[in-house]
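**Student:**
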Amino acid sequence: MTPGRRSSTFTRLLRHGFTDPSAAERLLDGVELAPVRDDPVLLEALGATADPDLALDGLARLLEAQPAPTARRELLDTLTAAKPLRDRLLGVLGASAALADHLARHAGDWQALVTYEPRDLHPGVEEFERGLAEATDPVSLRVAYRRCLLSIAARDVCGTIDVADTAAELADLATATLRAALAQARQAAPEDAAACRLAVIAMGKCGGHELNYVSDVDVIFVAEAADGTDEDKALRSATKLASHMMRICSETTVEGSIWPVDANLRPEGRNGPLVRTLSSHLAYYQRWAKTWEFQALLKARPVAGDAELGKAYADALGPLVWQAAERENFVADVQRMRRRVIANIPAAELDRQLKLGPGGLRDVEFAVQLLQLVHGRTDATLRSGTTLDALRALAAGGYVGREDAARLDEAYRFLRSMEHRIQLYRLRRTHLVPEAEDDLRRLGRSLGLRTDPVTSLQREWKRHAGVVRRLHEKLFYRPLLDAVAQLAPGETRLSAEAARERLVALGYADPAAALRHLEALASGVTRKAAIQRTLLPVLLGWFADSADPDAGLLNFRKVSDALGKTPWYLRLLRDEGAAAENLARVLSAGRLAPDLLMRAPEAVALLGDGDRGAGLEPRERGQLEQEVLAAVRRAENAAQGVTAARGVRRRELFRTAAADIVGSYGTETSDAEADQGALVDRVGAAVSDLTAATLAGTLRAVVREGWGDTLPTRFAIIAMGRFGGNELGYGSDADVLFVHEPQDGVAEQEAAAAANKVVAEMRRLLQLPSADPPLLIDAGLRPEGKSGPLVRTLKSYAAYYRRWSLVWESQALLRAEPVAGDADLGRRFIELIDPLRHPEAGLGEDAVREIRRLKARMESERLPRGADPKLHTKLGPGGLSDVEWTVQLLQLRHGARVPGLRTTRTRAALAAAREAGLLSAEDTAVLDEAWVLATRVRNAVMLVRGRAGDTFPTEPRELAAVGRYLGYGSGHVGDMLDAYRRTARRARTVVEQQFYADGA
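With this note's numbering applied, the sequence shown closes on residue 1913, and no number is skipped along the way.
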């Protein structure tokens, strides 16, 4: 070797893309390649492959495997003289280590790449059947299969066929292979073959004529008895043949396996029989099949076995596919299935998933199939099982915008090409983008990215995935807007009937009204209309995820009509994804939150600032009280001051309701709040703090107008019931006691008159008709109830409690807590009642019996007529009353010696009882779960109906909305009701042990 020669060759190899020039040089110096080592054409061809090092290594191994020098010479001569062979062979060797291994084992198979006739460019099933014809057993079938696969891969990597052609040829090769395997199975069991007619129906990618290099081949088997054969016997024979056929393809031999044959898409999946008759298939799909099973049937295609039976299967089941969109919750079912697929991807793989991850192949396929199922019932041109063909048909029919379809087509082709080349390397089933630099380099070069292939690959992949992510959901909604906006002349649009079909499939009960709303929102050339056309495709999807899409769209139109000319509103929705999604959730979740928002639409600004909206964080009581008191100070009179206080209350109720809805529904970037108790606690604390601040402001407004800075009597408001427990719901009244104490030198009569006037005026102003919801003050828990005075002095309370107090009043006082007015007076009131609610000696047996008697009477007398007790959240078995009375009995009996029980909060008292050993951990958990669930149901009813209720709604949409709030998807309200009954039943068992048992 002359000096410098190595250096020159080394440099040439580097220039031609070799990453290990030293190893390549050693191979070129070997005996096999010595005759062509200086051939510039060969080096150029190697440099054009995806991996020159891999291609050269494969070529050396192939030459070494040749049986004789003459065969080696023939290969080299053909390689250097025939460019088609050179490009095909080296292209395969540079892209697939697995096919290089096959060629090294079967040294003559390179001859399959020599022929270059036009008829060889696009072989079909018949050509592949001829290629497999000589295979007589599973081993020879594998060899013949890979020989055929070699020709497909060669045309693929050379660019002779595109990715769609490649997928179609792979499906045709699979069809020929299934037929060959079935023939071998029939030959091995002629009696079984004679007893039945068996058809193989391809499903999934094979059925859709878009198979990968390595993929499960999904099939369904249908069989009928041959003439004169018993049906049971025929099915047993057909099952044997089907099982044998699957093993021939799937089992590992000395030549490996071909691919798994998967029959799990059959009726009942793995639990169902492998083979059914046609009538059995039909009965299943007519009675039991789920939405996803009809979606899967979209790609069903007879491929092997009895052709007449296969056609009968397709003819019988085909019409059922196109009725699937009429099923209740059809779109929600399909979209929920897609979300479930994403949720099941391991976190470590999510960013590398080419098929299942966000912006992956499955997003395109699901979007296309969804549109096919909605519109294919009336438009037969859409009934293709092939994704790209269906996408073209959707665009041609105006069901998808042409530009969107073109961008998705390009992205899908790129992602499928990536998938093909990843699998081709090792012929292994994978959808993960590799992480190693060498693998990424080879992958990028195989896709034609020769300049900085790794960086270019990452950039192109992210770009195309981003296109899919942005478009796959809008694909369904955007044409609805185009149909009404009429902006781009010449574009084929959805017909009115097609738009109606799509809206009905989305769950809209009044599609005509929905189209009118869309037209009003999206028509025109204003900036407002342009931004709303951008937002609405996404908003429509979020509305469809609710129980009442019609209400969501109508409410959005109302808000937009009110704020559409406000620059910050459009900017908020356009630039903050969280704000738009939060708004969609809030507007379609029920009546309360939208009603609160419509009274002051500018509160929509609270929905922005971050993922769940920093604007939705509840404000502390001190902040609220400070704002309310400042508003009262600025007011000219008490009425204006209370109006301002009620305005703050309305805004904060909206903030609380919106945060509750968003936390319960979750967002695209955050799951729903898993801790149901935390949601309940947040709502209870927020509404209670807001009520306290409103009362403090109202008190200040009334006192200032009537008496200036100082009232003739000290005055305090004591919260009771749920208010005192910081457990108010959206529809709760404010249970309170009023206590006063005359100022020094003021006559008791004058002080009492002032106190009563304050109470009367507060109640009047808080209930005046206005745009803000009223706040009802309920003083029914005062001494002597409704017969007693509204306001008492502290001394009067002391005298009454000393002489007349009943055990139920001690129980009610367990939740007493000062919330407004004179803090010292409130503190002294609590000191007064502490011995009553936490008696030093506990409760006597008479008192315990009285509490139990009162509870039993309440259960029998106060339950509304006609109400289902098992679903009544307040008075029903295992409801709020059961849990609270059980907890309160423990507080009355043990509060004096267990400091933790001296709390007004139910859940805190439960925890303290557990800590003190008064309740087991299991019983505590049961009671807590029941209390939280019942409270959530009450909150849901108020959010959905806009008025309070203690039982589940009967109207189906309202009931579905309650279910959605509680985490139950469409069609699962029965599961929700069953879960409530089950939870309440367990709680009632604990209540009977702890509250009613003699030893309790």
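Beta carbons are placed, not taken as given, at the ideal position from N, Cα and C, and that holds for glycine.
Please list, in chain order, all residues of the same chain as SER1369 whose beta carbon is under 7 Å from its beta carbon, the five residues on each side excluded.
**Tutor:** GLY1357, LEU1362
**Student:** Per DSSP, what kind of secondary structure is PRO1655 in: helix, strand or coil?
**Tutor:** In the three-state reduction of the DSSP assignment, PRO1655 falls in the strand class.
**Student:** From the DSSP output, which residues share a beta bridge with ASP1584?
**Tutor:** ASP1584 is not bridged to any residue.
**Student:** Which of helix, strand or coil does DSSP assign to GLN1868?
**Tutor:** Before going on, a small fix: residue 1868 reads as Glu here, not Gln. Coil, per DSSP.
**Student:** If you draw a straight line from the alpha carbon of LEU946 to that of ARG1068, how long is it in whole angstroms?
**Tutor:** 25 Å
**Student:** Terminal residues of the continuous beta strand (DSSP E) containing ALA1217?
**Tutor:** 1214-1218
**Student:** Spatial neighbours of ARG1110 within its chain, please: CB distance less than 7 Å, with the 5 preceding and 5 following residues excluded, ordered by chain position.
**Tutor:** ALA1136, GLU1137, ALA1139, ASP1219, LEU1222
**Student:** DSSP on THR1152, reduced to helix/strand/coil?
**Tutor:** Collapsing the DSSP output to three states places THR1152 in a helix.
**Student:** Taking the Cβ atom as the reference point for each residue, do ALA1409 and LEU1416 lie within a distance shorter than 7 Å?
**Tutor:** no
**Student:** State the DSSP-derived secondary structure class of ASP1691, mapped to helix, strand or coil.
**Tutor:** strand
**Student:** For the putative contact between PRO1366 and ARG1354, defined by C-beta atoms under 8 Å, what is the C-beta separation to the nearest angstrom?
**Tutor:** 5 Å
**Student:** Taking 8 Å as the cut-off, does the segment 1184-1198 touch the segment 1222-1238 (at least 3 CB pairs, one atom from each stretch)?
**Tutor:** Because the criterion of three Cβ pairs below 8 Å is met, the segment 1222-1238 and the segment 1184-1198 touch.
**Student:** Round the Cβ separation of ALA1084 and CYS1119 to the nearest angstrom and send it over; I've been treating them as touching at under 8 Å.
**Tutor:** 5 Å
**Student:** Would you mind giving the Cβ-Cβ distance between VAL1052 and GLU1164, rounded to the nearest angstrom? I have them listed as a contact below 8 Å.
**Tutor:** In fact, because the Cβ distance is near 10 Å, the residues do not count as touching under 8 Å.
**Student:** Whole beta strand (DSSP E) runs in the segment 1566-1635 with 3 or more residues, listed along the chain?
**Tutor:** 1626-1632
**Student:** Bridge partners of GLY1734, per DSSP?
**Tutor:** ALA1629
**Student:** Locate the alpha helix (DSSP H) running through ALA968, then write down its first and last residues.
**Tutor:** 965-978
**Student:** ARG1765 to GLY1554, Cα distance in whole Å?
**Tutor:** So the alpha carbons of these two residues sit roughly 45 Å apart.
**Student:** Quick one: complete beta strand (DSSP E) runs, 3+ long, within the segment 1239-1274?
**Tutor:** Counting whole runs of 3 or more residues, the segment 1239-1274 contains no beta strand (DSSP E) stretch at all.
**Student:** Smallest Cα separation from GLY1734: which of VAL944, VAL1659, ARG1627, GLN1282?
**Tutor:** When VAL944, VAL1659, ARG1627, GLN1282 are compared, the shortest CA-CA separation from GLY1734 is found for ARG1627.
**Student:** From what residue to what residue does the beta strand (DSSP E) around ILE1074 run?
**Tutor:** It is not in any beta strand (DSSP E) - ILE1074 carries neither H nor E in the DSSP assignment.
**Student:** Suppose you measure from the CA of HIS1785 to the CA of PHE1865; what does that come to, to the nearest Å?
**Tutor:** 8 Å
**Student:** Tell me whether ALA1138 sits in a helix, a strand or coil according to DSSP, three-state version.
**Tutor:** strand
**Student:** Decide if ALA1591 is buried, meaning its Cβ has at least 16 other Cβ atoms within 10 Å, or exposed.
**Tutor:** Exposure of ALA1591 is indicated by the presence of fewer than 16 other C-beta atoms within 10 angstroms of its C-beta.
**Student:** Using a Cβ-Cβ cut-off of 7 Å, state whether ASN1184 counts as contacting chain B.
**Tutor:** Given the protein chain composition of this structure (a single chain), no chain B is represented.
**Student:** Looking at C-beta atoms only, is the number of pairs between the segment 1466-1473 and the segment 1490-1510 that lie closer than 8 Å three or more?
**Tutor:** yes
**Student:** In terms of residues, what are the limits of the beta strand (DSSP E) holding THR1706?
**Tutor:** 1704-1706
**Student:** With a threshold of 16 other CB atoms inside 10 Å of the CB of PRO953, please say whether the residue is buried or exposed.
**Tutor:** exposed
**Student:** I'd like the span of the beta strand (DSSP E) that includes ILE1335, first residue to last.
**Tutor:** Taken as a continuous stretch (DSSP letters only), ILE1335 belongs to no beta strand (DSSP E), being part of the alpha helix (DSSP H) at 1315-1339.
**Student:** Let me know the secondary structure DSSP gives ARG1110 once reduced to three states.
**Tutor:** Assignment of ARG1110 by DSSP, reduced to helix, strand and coil, places it in the strand class.
**Student:** Return helix, strand or coil for VAL1904, following the three-state DSSP convention.
**Tutor:** helix
**Student:** Could you pull out every residue in the same chain whose Cβ sits closer than 7 Å to the Cβ of LEU1641, ignoring the five residues on either side in sequence?
**Tutor:** For LEU1641, same chain residues with a beta-carbon under 7 Å away, outside a window of 5 residues either side, are GLY1597, VAL1600, SER1601, THR1604, ARG1635 in chain order.
**Student:** Give the DSSP-derived three-state secondary structure of GLY1169 in the structure shown.
**Tutor:** strand
**Student:** Output the boundary residues of the alpha helix (DSSP H) element that contains MET1771.
**Tutor:** Element bounds for MET1771: 1758-1774.
**Student:** With DSSP as the reference, please indicate the residues paired to ILE1133 in a beta bridge.
**Tutor:** ILE1114
**Student:** Hey, THR1152 and LEU1187: beta-carbon distance below 7 Å or not?
**Tutor:** yes
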